[in-house]
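Let me begin by presenting the structure, written as structure tokens, before commenting on it.
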Amino acid sequence: MGLHISLPFARRHAAAAHAAAARGKPPRATLEFLDADGAPVGRPLRPLVPAPSPIEVPNGAGGMDWRRPDPHLSLTASAVPARAVSVRARSGDTILAEAPLTDAATPAPAPHEDRRVFNGAGKWTLLLVSELFGDAARFFAFAAHLDSYIRGQAPFSRPGAGDMLRVEALFWPSPAKGLFKTRPKGRLVTGDNKLVNRFVDKAGATGRLTIVLVDMGVRGGAGGAPGRPAWVTIASAPGEQWEAVALHELGHSFGLADEYANRDQPTPEPRPLEPNVSASSDPARAPWAALVTPGHPGRPTCPAGVDPPVPLGVVGTFEGARYKARGRYRPTAECLMQRTDRPFCAVCQQVIADVLAAAA
6 MGLHISLPFA RRHAAAAHAA AARGKPPRAT LEFLDADGAP VGRPLRPLVP APSPIEVPNG
66 AGGMDWRRPD PHLSLTASAV PARAVSVRAR SGDTILAEAP LTDAATPAPA PHEDRRVFNG
126 AGKWTLLLVS ELFGDAARFF AFAAHLDSYI RGQAPFSRPG AGDMLRVEAL FWPSPAKGLF
186 KTRPKGRLVT GDNKLVNRFV DKAGATGRLT IVLVDMGVRG GAGGAPGRPA WVTIASAPGE
246 QWEAVALHEL GHSFGLADEY ANRDQPTPEP RPLEPNVSAS SDPARAPWAA LVTPGHPGRP
306 TCPAGVDPPV PLGVVGTFEG ARYKARGRYR PTAECLMQRT DRPFCAVCQQ VIADVLAAAA
């Protein structure tokens, strides 16, 4: 079965390796096993160097920031030399990381110890994975609480939508240091995403989104993406509920974009734009034109920088969305996709309901 090797290393080294690589040829690191004298033993491995990528992080004021975490060199070693006591990764002459084998290696993923399914008849699955939980009952209590919280928020509070949501919670007991190399760095709390995916695969589970629930008293987490789990700690802070952060991440799994401005996040835009973002200031030309509130004919309904905006709940075109302060428009003044101390707006609720209906 072998071991799983996980080595976090500085993102600047990952960026340098990718910058130096030939176009179209992903860079590879050299991973060596070392004996007690620091000499290489056995055959080296040649894993791909992961590209550093920005991640959404809750900022403590109901909003979101972006951080660039240190990536993990993450791979399975089918065999480890008997004399190996440490492991080292390098890119050319640059040492990426070095650690005792006892810190870098974990046993290959085992089948989950226990699972709970909430609304097994649902077609849209949210996976919850335990991290730093030593007790199954405690983990499942938090999973049940999150399931109840989600089903209390529109549109999931409506029978048609709520009936389509299935939540599956997977428990593995964590050692003191955790299963997934999870580390807090301010409000950025994340770990080895590839290792999480291996555990989920071992459980035979599939979902539209995986959230790693972290039993940690630090308020934080990290956003998910296709093929990458989201991370949410079970601690809240004034003006910020951990459950709402999880719900924000769930919104992304339905194709919803972030509605806040952030100049540090130059994400390439899809074509067409997400259903809660418009490039037109004209409400009649927005994807949500059928939901626009009558009597607010402005183009846009509210430009960027106007405070206070028009009354909450008004649907129109509000400047500032998808990380841009100008030229992109969101449906309402405030929404969960803009800040986590607000509910989903009417437009985002409709998008989620439509996606769930199509999955029926």
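Just so you know, we're using this note's numbering here: the sequence shown kicks off at 6 and counts up by one.
From the three backbone atoms N, C-alpha and C, an ideal C-beta is built for every residue, glycine too.
Remember, predicted model here, so these are calculated numbers, not experimental data.
Pull the bridge partners of residue i from the DSSP assignment, please.
| i | result |
| --- | --- |
| Trp71 | Glu61 |
| Thr81 | His9 |
| Pro105 | Ser91 |
| Glu173 | Val122, Leu132 |
| Ser283 | Tyr334 |
| Ile357 | None, per the DSSP bridge assignment. |
| Gly226 | Leu193, Val237 |
| Phe323 | Cys307, Arg335 |
| Phe147 | Phe147 is not bridged to any residue. |
| Tyr328 | Ala266 |
| Arg33 | Leu53 |
| Ala242 | Glu245 |
| Leu39 | Pro45, Ser91 |
| Ile100 | Arg95 |
Hey, is residue i's beta-carbon within less than 8 angstroms of any beta-carbon in chain D?
| i | result |
| --- | --- |
| Lys128 | The question asks about chain D, but that chain is absent: this structure has only one protein chain. |
If you draw a straight line from the C-alpha of residue i to the C-alpha of residue j, how long is it?
| i | j | result |
| --- | --- | --- |
| Lys128 | Arg88 | 50 angstroms |
| Ala22 | Ser58 | 14 angstroms |
| Ala82 | Arg33 | 16 angstroms |
| Arg272 | Ala330 | Note on residue identity: the sequence assigns Thr, not Arg, to residue 272. Roughly 14 angstroms between the two C-alpha positions. |
| Ala365 | Ala251 | 23 angstroms |
| Pro112 | Gln355 | 44 angstroms |
| Arg95 | Ala102 | 7 angstroms |
| Val62 | Arg192 | 7 angstroms |
| His117 | Ile60 | 27 angstroms |
| Thr130 | Ala44 | 48 angstroms |
| Gly125 | Ala104 | 43 angstroms |
| Val134 | Phe144 | 9 angstroms |
| Trp293 | Asp287 | 11 angstroms |
| Thr337 | Ala249 | 18 angstroms |
| Ala295 | Val217 | 37 angstroms |
| Met221 | Trp177 | 16 angstroms |
| Ala266 | Ile357 | 22 angstroms |
Quick one, which of the options has its alpha-carbon nearest residue i's?
| i | options | result |
| --- | --- | --- |
| Arg276 | Pro288, Ser286, Gly260 | Gly260 |
| Ala24 | Leu50, Gly43, Cys350, Pro55 | Pro55 |
| Gly7 | Trp247, Gly68, Leu80, Gly183 | Leu80 |
| Arg203 | Gly244, Gly232, Ala240, Ala142 | Gly232 |
| Pro302 | Leu296, Ala295, Val134, Ala289 | Ala289 |
| Ala235 | Thr215, His150, Ile10 | Thr215 |
| Gly256 | Phe349, Asp119, Gly139, Phe14 | Phe349 |
| Val319 | Val352, Gln343, Ala326, Thr345 | Val352 |
| Ala363 | Leu78, Pro52, Met169 | Met169 |
| Gly244 | Thr107, Met69, Glu264 | Met69 |
Taking buried to mean at least 16 other C-beta atoms within 10 Å of its own C-beta, is residue i buried or exposed?
| i | result |
| --- | --- |
| Arg171 | buried |
| Pro280 | buried |
| Ala27 | exposed |
| Pro314 | buried |
| Asp269 | exposed |
| Val311 | exposed |
| Ala174 | buried |
| His150 | exposed |
| Asp197 | buried |
| Leu361 | buried |
| Ala181 | exposed |
| Leu36 | buried |
| Ala115 | exposed |
| Arg333 | buried |
Starting from residue i and walking both ways along the alpha helix (DSSP H), at which residues does that stretch end?
| i | result |
| --- | --- |
| Arg16 | 16 to 25 |
Let's see if you can read the secondary structure: which residues bound the beta strand (DSSP E) around residue i?
| i | result |
| --- | --- |
| Thr215 | 214 to 219 |
| Pro292 | Here Pro292 belongs to no beta strand (DSSP E), and DSSP marks it neither H nor E. |
| Glu248 | Premise fails: Glu248 lies in the alpha helix (DSSP H), 247 to 258, not in any beta strand (DSSP E). |
| Ala210 | No beta strand (DSSP E) contains Ala210, which DSSP labels as neither H nor E. |
| Ala166 | Run containing Ala166: none in the beta strand (DSSP E); it sits in the alpha helix (DSSP H), 164 to 167. |
| Thr111 | 110 to 112 |
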